[in-house]
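In what follows, a structure is listed as structure tokens, so that the remarks can point back to it.
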């Protein structure tokens, strides 16, 4: 047998590995100056006019006042210049990059480049040619290109690549070299271990958290308020690169260490920030999106108990939202409800949650004896059974309870202690409209779900769920009554979804069976709920919230995708599963499960939630 | 909701000699295959009983019958006079804990969390107490953690409480499995090949650990292939061959039994090498000296490697 391993090039490569390597052959000092200067120039260019006409949305024609996409370029350029200066070791800025200043600089510069060029290309395409650019546009394009080229020329340690096999066929050789090239390219963006932070006084740590939350609220408000497609795409590009750059700089891990330390402060702060959202809006237009996002996110978080903690794949979860909504609608005093009852909100909320829980137990009891794929298929079936049953209880094919496909309509607005949710109120000088009212109410429900998630995951029952997910046989042998524990998770998840449903019924005025399908273009539906959990990160609190916000905002904002929305959505999910199966905000346990090969940290400090 | 926590052992010093486990006529059939045939076995309190047999003799199947993973086709298993329920979590609650032949820790939980999961049957707080977080919850949680930490100290893993179970070296994973089993406060501990893949030092440490467990009043039933380990450790050894119990007795009885040797090595054939030839071989081996010395160590090493591959 002949060995095909070549070991000959081993020795010379040893030297090459330690020699600094860069992606573009510009000397490092020049490159660094170029990157930093390019960032600064990009900032300056945003104060110039980029085009002569205000036909391109956002009005980029004004000197001295950045508008629309220019603001995003301004932020990107400023971030690049900041990281560039930090990479020079400027005193005071070094604290910004406890991780890797070079990687952060590269990503920030790339972000600036992509945003700038996207804007320039969008102007040219939309207005018909490069002639529509003013000098400022050329300056911006040059600045973007310079900063990207400069940043990519920064040196880094080239990783060892595997030698090729001379017996391989051409295609295999190509694949091999492509893989090596990808490894080398990726190594340019690695970040080292984050240096341990200097001890800060408690008030300063809390201040950092507050600043981070305020920043989060600002970014979210800006994103939700983007008025045209180009701006939203630019927003996605800029925030994506900026977040990656900040993460590479090591700031994200710093802040998450602080939030893990002050969990209650973070929780309260996050909810104050979220509650401040309606007050930043002048009309009800974006509060509408906000309340739908919150409903979607809350239900996704409830599903995360079932899927993320207990590991039960539930494909019919939206049915429990429907049960809650129908229950609330029937006792709301709506004229199309078969019952002539009008319960106060607290009673209908409790009733909705309780009825959903009963349904959860009824569906869970026979199905939870199944494992894995079988459970998923059976829950999918039950989800559809709910919808079809509701559809048929219209008085002709069945008893007249749900009013069939017309649903229960004209659900009156809530009125809690004389506070009419349908009216516009003025709180501290801010006008708070109907959807903003519901937004604040829904936020309370979200808070309840977050607390339930947090408390249950960090307890005897939560550990039992995780144990069942990890190894059911071993968990049973440790004395855990698997069926009972899984049923509790299932029923709890159902009750939380039902609770969210009681508010949803009032927000939408009408409940119809079509709202509760398995797959549908508008969230929430079972497929999107599961996608929000998987996209955001299973087993975490912030994961499904972020995932739901993205999954709601992106289709709502990118109207031009039209019929290709679901296609783009599917493609995005495939890519995500390929490159980041643990989700955007991974639970540390999950991250370990998916990346067996990487070196796991020895200590898991917090339960990851 | 009750939030009582039983911290006391469920087997408070059973009178020595009392029968803890009593399996009578246990038979397990899988279709046409009889994996275990009419096996009787009893374990008294304060006793360490060994179960040996060649590969495929049905030892693990018998274990699974004892712990409720399988329901025996015939026969019954009694724990302290009570017939065991046919569910593995109920068996654990009754007081029988086990470890697995191929380690089954909750790999992505910390060492401490693994032991806390073992405390599940001895704690009562349910969902409501977890959500409402009354004083009872905090008290029970603190008691559970204290007890888990105690157990980690007992097996020597106290300083690794916050490590992930998957990052422990092989020998320590075995120890953690034992600590997790002990957390359910069993009266009888079943160990399925606790020293598989261990080097001699680790094996000796495990031996000490098993004696220490026995000294706490917990009876131990152990499956093992390492004969030196089993004959050092056990008060009584049962030999299982092809699903049937061949012999049972103290170490000397079993070691001297021809049938046991035959089961492991095969029946002696005509003109089989006798004592004389054996002596000759021995002489040659001592002569060969250094090479023979190195061999056993190597063998252990490869065994360790193989186990770690799983």
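Residue numbers (the numbering used here), protein chains in the order written: chain A, 48 to 656; chain B, 138 to 447.
Even glycine gets a Cβ: it sits at the ideal position worked out from N, Cα and C.
Keep in mind that this is a model prediction, so the values were computed, not measured.
Within the continuous alpha helix (DSSP H) that includes residue 108 (chain A), where are the two ends? Neither: residue 108 (chain A) is in no alpha helix (DSSP H) and is coded neither H nor E.
Kindly list, in the order they appear in chain A, the residues whose Cβ is closer than 9 Å to that of residue 204 (chain B). The contacting residues are 524.
Helix, strand or coil at residue 301 (chain A) [DSSP, three-state]: Note: residue 301 (chain A) maps to helix in three-state DSSP.
So for residue 156 (chain B), helix, strand or coil by DSSP? Here residue 156 (chain B) carries a strand assignment [DSSP, helix/strand/coil].
Going by DSSP, name the residue or residues bridged to residue 302 (chain B). Bridge partners of residue 302 (chain B) according to DSSP: none are assigned.
Alpha carbon of residue 608 (chain A) to alpha carbon of residue 79 (chain A), nearest angstrom: So the alpha carbons of these two residues sit roughly 39 Å apart.
Check whether the Cβ of residue 257 (chain B) lies closer than 8 Å to any Cβ atom in chain A. Chain A, which has a Cβ nearer than 8 Å to the Cβ of residue 257 (chain B), makes this yes.
Assumed close pair residue 452 (chain A), residue 559 (chain A) - CB separation to whole angstroms, cut-off 8 Å: The Cβ separation is near 7 Å, so the contact holds.
Can you grab the Cα-Cα spacing for the pair residue 628 (chain A) / residue 412 (chain A), in whole Å? So the alpha carbons of these two residues sit roughly 31 Å apart.
Same chain, Cβ closer than 7 Å to residue 294 (chain B), five either side skipped, listed in chain order: These residues qualify, in order along the chain: 248, 309, 312, 313 and 316.
When every heavy atom of the ligand GTP is checked, does at least one fall within less than 7 Å of the C-beta of residue 417 (chain B)? The ligand GTP is not among the ligands present in this structure, which contains no ligands whatsoever.
Report yes or no: is there a C-beta of chain A within less than 8 Å of the C-beta of residue 263 (chain B)? At least one beta carbon of chain A lies nearer than 8 Å to the beta carbon of residue 263 (chain B).
If the criterion is Cβ atoms closer than 8 Å, does the pair residue 578 (chain A) and residue 408 (chain A) meet it? No, they are not a contact pair.
I'd like to know if residue 335 (chain B) contacts chain A, where contact means its C-beta is closer than 8 Å to some C-beta of that chain. Taking Cβ atoms only, chain A never reaches closer than 8 Å to residue 335 (chain B), which makes this a no.
Spell out a yes or no on whether the stretch 216–234 of chain B and the stretch 284–299 of chain B are touching, meaning 3 or more CB-CB pairs, one atom from each, closer than 8 Å. Touching, no, given that fewer than three Cβ pairs across the two stretches are closer than 8 Å.
Tell me whether residue 567 (chain A) sits in a helix, a strand or coil according to DSSP, three-state version. Per DSSP, reduced to three states, the secondary structure at residue 567 (chain A) is coil, with no helix or strand assignment.
Considering only residues of the same chain and omitting the five flanking positions on each side of residue 659 (chain A), which have a CB-CB separation below 8 Å? Summary: the structure shown does not reach residue 659 (chain A), with chain A confined to residues 48 through 656, and so no result is reported for it.
Whole-angstrom Cβ separation of residue 98 (chain A) and residue 108 (chain A), contact assumed at under 8 Å? Right, their Cβ atoms sit about 6 Å apart.
Can you find the residues in the same chain that come closer than 7 Å, C-beta to C-beta, to residue 201 (chain B), ignoring five residues on each side of it along the sequence? Excluding sequence neighbours, residue 201 (chain B) sits near 207.
Establish whether the CB of residue 157 (chain B) and some CB of chain A are separated by less than 8 Å. Interface flag for residue 157 (chain B) against chain A is unset, since no Cβ pair is found closer than 8 Å.
Pick helix, strand or coil for residue 416 (chain A), following the three-state DSSP scheme. Correct three-state label for residue 416 (chain A): coil.
Nonlocal neighbours in the same chain, by C-beta distance under 6 Å from residue 303 (chain B), ignoring five residues either side: Short of 6 Å from the beta carbon of residue 303 (chain B), and not among the five residues preceding or following it, lie these beta carbons of its own chain, in chain order: 244.
Have a look at residue 381 (chain A) and residue 457 (chain A) and give me their C-alpha separation to the nearest angstrom. Their Cα atoms are separated by approximately 6 Å.
Whether residue 363 (chain A) touches residue 400 (chain A) by CB criterion (8 Å): No; because the gap between Cβ atoms is not below 8 Å, this pair is not in contact.
Just to check my reading of the structure: residue 73 (chain A) and residue 197 (chain A) have Cβ atoms closer than 8 Å, yes? What is that Cβ distance to the nearest angstrom? Right, their Cβ atoms sit about 7 Å apart.
Answer yes or no: do residue 543 (chain A) and residue 580 (chain A) have a C-beta to C-beta separation smaller than 8 Å? Cβ distance not < 8 Å, so residue 543 (chain A) and residue 580 (chain A) don't count as in contact.
For the beta strand (DSSP E) containing residue 329 (chain A), name the first residue and the last one. First-last for residue 329 (chain A): undefined, no H or E at that position.
For the beta strand (DSSP E) that contains residue 356 (chain B), what are its first and last residues? Where residue 356 (chain B) is concerned, the enclosing beta strand (DSSP E) stretches over 356–360.
Output the boundary residues of the beta strand (DSSP E) element that contains residue 385 (chain B). Counting along the chain, the beta strand (DSSP E) containing residue 385 (chain B) begins and ends at 381–386.
Which residues in chain A sit within 7 Å of residue 229 (chain B), going by Cβ to Cβ distance? The answer, in chain order, is 524, 525 and 526.
Between the CA atoms of residue 193 (chain B) and residue 185 (chain B) - distance to the nearest angstrom: Straight-line measurement puts the Cα of residue 193 (chain B) at about 23 Å from the Cα of residue 185 (chain B).
Mind pulling the chain A residues with CB within less than 8 Å of residue 235 (chain B)? Residues of chain A passing the Cβ test: 524.
Contact criterion: CB-CB distance below 8 Å. Does residue 246 (chain B) meet it with respect to chain A? Yes - at least one Cβ of chain A is within 8 Å of the one on residue 246 (chain B).
Contact under 8 Å by Cβ, residue 541 (chain A) with residue 344 (chain A): Cβ atoms of residue 541 (chain A) and residue 344 (chain A): not closer than 8 Å.
State the DSSP-derived secondary structure class of residue 389 (chain A), mapped to helix, strand or coil. In this structure, residue 389 (chain A) counts as strand in the three-state DSSP scheme.
With DSSP run on the structure shown, which of helix, strand or coil describes residue 149 (chain B)? With a pLDDT of only 44 at residue 149 (chain B), under 50, the local geometry of the prediction cannot be trusted, and no value is derived from it.
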